[in-house]
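Asks: Here's a structure for you.
Protein chains: 2
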Amino acid sequence: MNETTFRLKDCGTCPIRFNAVCARCEPDEMAHLDRIKYYRNYEAGQPIVWSGDQMDFVASVVTGVAALTQTMEDGRTQMVGLLLPSDFLGHPGRHKVVYDVTAVSDLTLCCFRRKPFEDLLLSNPNVSQRLLEMTLNELDSAREWMLVLGRKTAREKIASLLSIIARRDASLHSGRTTDGARFELPLTREAMADYLGLTLETVSRQISALKRDGIIELQGTRQVHVPDFGALLAETGDDSDGGMPE
Amino acid sequence: MNETTFRLKDCGTCPIRFNAVCARCEPDEMAHLDRIKYYRNYEAGQPIVWSGDQMDFVASVVTGVAALTQTMEDGRTQMVGLLLPSDFLGHPGRHKVVYDVTAVSDLTLCCFRRKPFEDLLLSNPNVSQRLLEMTLNELDSAREWMLVLGRKTAREKIASLLSIIARRDASLHSGRTTDGARFELPLTREAMADYLGLTLETVSRQISALKRDGIIELQGTRQVHVPDFGALLAETGDDSDGGMPE
DNA sequence: ATGATGCCTTGACTTGGATCAAATGAAAGC
DNA sequence: GCTTTCATTTGATCCAAGTCAAGGCATCAT
């Protein structure tokens, strides 16, 4: 069972307090949200909703990782979104989801029933403004990812994914983003393949190649050390800065 | 010079009145927008803004087609968005654009300077609600496109693009969406390749193949006739309904 | 008409990543 | 310890799409 079950009751100590959809809220607005929120926990691998289902709630990711995936009839699947802590799940104004949502790791969501949340959007510009901003950022990330999927080589794809995970991880642990990153991959090789539009064999081969070339070091299969972050960025094919939005 | 230069002054007769960001506005709100809007016209091929530029306005596409593209240092390019009439261009709250924007065909934009528009978002929930809704739809389309880029074959990609253009075209001309569609491709082979993550040679070959197989008929190089729309959809690889959002 | 210019098509050949098939390793239950 | 299970690695082969290279076919200016 999941050991990381989330115990918070109070938004004031919430780890995503300043990054989530509620980031702009005034104390009285927080109090309102506090009253209508509830938590849900999922174990790694558990489905959250299936494509075509009604989704009766929206949520913020508090801890863990969730994936949005689309599947074709013949079984080909493509991950179309990776939700990390503070990311928002749901589509106010749309009742059906058009992709499967799955917990990739153990996961805690801070949920709101859809109707009350939609009412709140209408009455509370701080929430709707923030949600618009987050959605525009998501859209930019999705477009960034289209470049990765459409034009990058397998090696560049892997390097891009590693650098994104490293960066998101660093920004969470508020560590120094200097050279020398160390992080845990929250994804299996297969999930990485689904994200990158590759097969898991190709993912494995390219990771081995990056290891052989000294770009990364592995402890076990998930623990990654990047001795020279610039060297990793050079492998992504991006122009120098690497292209993390903002 | 561009013959289709747009002459409207009055929002009341605007062709995108009921689909654009202003769709939900009340008469007095329309009057306000009417006062601060202005039109810009571009010829096919003209750049609108370059990646990294400041963009001092936001806009709705009134007529024509605009493309968002990202380019890697070595010249590989990927189209990351295709803006058709009523689509919104711009990122309120972000000053720099992160992709090139180009007029693909002759184009008319209905523009608002950024600052007044941002003020309006704060004071006018009908606009910001509508913009949120449109942005969420864009995000869903982007995710749909990630499946196309990551997992579909060249033939499926072409069929997907043709069916999307056919559908958007049909919904504009409010024609019957029955079998038998006829439309004009607004894109060169190269632009299609950039959209689909292919080379222009592959695009050409696949279009020839679809023609050979009787799925499409061509008059010249741009005028497309689809005798059996179901047959085209079957080539997209999608499950029967084709996946147009809502 | 005659080039010149810009799309577009077609052909011949190459290749990066997919596919098919084992083998290895690591954790979990008995 | 031993077996099962699941994730990962590695190898051998194949093929869809890329690359390189002509040629065709409009449109436009001279």
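Those protein sequence lines, which keep their order, are chains E and R.
Under numbering that gives the first Met the number 0, the first residue of the first sequence is numbered 0, with each subsequent residue one higher.
Under numbering that gives the first Met the number 0, the first residue of the second sequence is numbered 0, with each subsequent residue one higher.
Each residue gets a CB set at the ideal place from its N, CA and C atoms; glycine is no exception.
Does the region 192-208 of chain E come close enough to the region 154-166 of chain E to have 3 or more Cβ pairs within less than 8 angstroms?
Replies: Touching, yes, given that three or more Cβ pairs across the two stretches are closer than 8 angstroms.
Asks: Please tell me whether, using a cut-off of 6 angstroms, the distance from the CB of glycine 63 of chain E to the nearest non-hydrogen atom of the ligand NAD is below it.
Replies: Looking at this structure, you won't find the ligand NAD or any other ligand, since it has none at all.
Asks: Can you find a CB in chain R that lies within less than 7 angstroms of the CB of methionine 191 of chain E?
Replies: No, no contact with chain R.
Asks: Who are the near neighbours of glutamine 128 of chain E in its chain, counting only those whose CB is closer than 7 angstroms to its CB and skipping five residues on each side?
Replies: So the list reads Arg23, once near-sequence residues are dropped.
Asks: Between threonine 62 of chain R and leucine 106 of chain R, how many whole angstroms is the CB-CB distance? I'm expecting something under 8 angstroms.
Replies: Correct: roughly 7 angstroms between the Cβ atoms.
Asks: On the DSSP bridge assignment, give the partners of tyrosine 247 of chain E in chain order.
Replies: For chain E, the structure presents residues 0 to 245; residue 247 of chain E sits outside this window and is missing.
Asks: How many angstroms separate the CA atom of alanine 180 of chain R from the CA atom of glycine 229 of chain R?
Replies: Answer to the nearest angstrom: the Cα atoms are 11 angstroms apart.
Asks: Taking any Cβ of chain E, which residues in the region 127-144 of chain R have a Cβ under 8 angstroms from it, in chain order?
Replies: Those would be Ser127, Gln128, Leu130, Leu131, Glu132, Thr134, Leu135, Glu137, Leu138, Asp139, Ala141, Arg142, Glu143, Trp144, in chain order.
Asks: Can you name the residues of chain E whose CB is closer than 9 angstroms to the CB of proline 115 of chain R?
Replies: Those do not exist, as proline 115 of chain R stays about 16 angstroms from chain E at its closest Cβ, beyond 9 angstroms.
Asks: Helix, strand or coil for serine 207 of chain R? Go by DSSP, reduced to three states.
Replies: In this structure, serine 207 of chain R counts as helix in the three-state DSSP scheme.
Asks: Consider the Cβ of valine 57 of chain R: report whether some Cβ of chain E lies at a distance smaller than 7 angstroms.
Replies: Judged by the 7 angstroms Cβ criterion, valine 57 of chain R is not in contact with chain E.
Asks: Whole angstroms is fine: what's the gap from proline 84 of chain R's alpha carbon to glutamate 132 of chain E's?
Replies: Using only the alpha carbons, I get a separation of about 23 angstroms.
Asks: What residue from R:Ala102, R:Leu130, R:Met71, R:Pro46 has the CA that sits closest to phenylalanine 87 of chain R's CA?
Replies: Checked all of R:Ala102, R:Leu130, R:Met71, R:Pro46; the closest Cα to phenylalanine 87 of chain R is R:Leu130.
Asks: Against chain E, which members of the region 194-219 of chain R pass a CB distance test of less than 9 angstroms?
Replies: Residues Tyr194, Leu195, Gly196, Leu197.
Asks: Could you check if aspartate 193 of chain R is buried or exposed, using at least 16 other CB atoms within 10 Å of its CB as the buried criterion?
Replies: Buried: at least 16 other Cβ atoms inside 10 Å.
Asks: Which residue marks the beginning of the beta strand (DSSP E) containing glycine 80 of chain R, and which one marks its end?
Replies: Looking at the DSSP string, the run of the beta strand (DSSP E) that includes glycine 80 of chain R is 76-82.
Asks: Based on the DSSP secondary-structure assignment, which residues constitute the bridge partners of valine 96 of chain R?
Replies: Answer is none; valine 96 of chain R lacks a bridge partner.
Asks: Give me the residue from E:Val147, E:Lys36, E:Trp49, E:Ile215 with the minimum Cα distance to glycine 236 of chain E.
Replies: When each option's Cα is compared against that of glycine 236 of chain E, the closest is E:Val147.
Asks: In the DSSP assignment, find the alpha helix (DSSP H) that holds serine 140 of chain R and state where it starts and stops.
Replies: 124-150 is the extent of the alpha helix (DSSP H) around serine 140 of chain R.
Asks: Hey, is the region 27-45 of chain R in contact with the region 88-98 of chain R, meaning 3+ C-beta pairs nearer than 8 angstroms?
Replies: No: fewer than three Cβ pairs fall under 8 angstroms.
Asks: Going by beta carbon distance, what residues of the same chain come within less than 7 angstroms of glycine 11 of chain R, once the five residues before and after it are set aside?
Replies: Correct list: empty, nothing qualifies.
Asks: Can you list, in chain order, the residues of its chain with a C-beta nearer than 8 angstroms to that of alanine 58 of chain R? Leave out the 5 residues immediately preceding and following it.
Replies: Once the five neighbours on either side are set aside, the close Cβ partners of alanine 58 of chain R are Arg39, Phe87, Leu88, Gly89, Leu108, Cys109, Cys110, Phe111.
Asks: I need the DSSP call for arginine 181 of chain R, collapsed to helix, strand or coil.
Replies: Reduced to three states, the DSSP call for arginine 181 of chain R is strand.
Asks: Got a sec: is the Cβ-Cβ distance from glycine 11 of chain E to anything in chain R below 7 angstroms?
Replies: With 7 angstroms as the cut-off, glycine 11 of chain E does not count as an interface residue toward chain R.
Asks: May I ask you to list the residues that DSSP assigns as paired with histidine 224 of chain R?
Replies: The partner list for histidine 224 of chain R (beta bridge, DSSP) reads R:Arg181, R:Glu216.
Asks: Taking its Cβ as the centre, do 16 or more other Cβ atoms sit within 10 Å of alanine 190 of chain R, making it buried, or is it exposed?
Replies: It is buried - the Cβ of alanine 190 of chain R has at least 16 other Cβ atoms within 10 Å.
Asks: Assign glutamine 53 of chain R to buried or exposed, taking buried as 16 or more other Cβ atoms, counted over all protein chains shown, within 10 Å of its Cβ.
Replies: Exposed, since its Cβ has fewer than 16 Cβ neighbours within 10 Å.
Asks: So who's on the other strand from proline 46 of chain R, going by DSSP bridges?
Replies: Bridge partners of proline 46 of chain R: R:Thr101.
Asks: Does DSSP put alanine 259 of chain R in a helix, in a strand, or in coil?
Replies: Missing from the structure shown is residue 259 of chain R; chain R here goes from 0 to 245 and no further.
Asks: Is the beta carbon of isoleucine 35 of chain E less than 7 angstroms from the beta carbon of proline 115 of chain E?
Replies: Cβ atoms of isoleucine 35 of chain E and proline 115 of chain E: closer than 7 angstroms.
Asks: Leaving out the 5 sequence neighbours to the left and right, which residues in its chain are closer than 7 angstroms to serine 203 of chain R when beta-carbon positions are compared?
Replies: Answer for serine 203 of chain R: Arg188, listed in chain order.
Asks: Identify whether leucine 121 of chain R lies in helix, strand or coil by the three-state DSSP scheme.
Replies: Looking at leucine 121 of chain R - three-state DSSP - the assignment turns out to be helix.
Asks: May I ask which residues mark the beginning and end of the beta strand (DSSP E) holding leucine 67 of chain E?
Replies: 65-70 is the extent of the beta strand (DSSP E) around leucine 67 of chain E.
Asks: Put leucine 88 of chain R into one of helix, strand or coil per three-state DSSP.
Replies: Strand at leucine 88 of chain R.
Asks: Along the chain, where does the beta strand (DSSP E) that runs through threonine 62 of chain E open and close?
Replies: Note, threonine 62 of chain E: beta strand (DSSP E), 56-62.
Asks: With C-beta atoms as the reference, is leucine 120 of chain E less than 7 angstroms away from valine 126 of chain E?
Replies: Yes; because the gap between Cβ atoms is below 7 angstroms, this pair is in contact.
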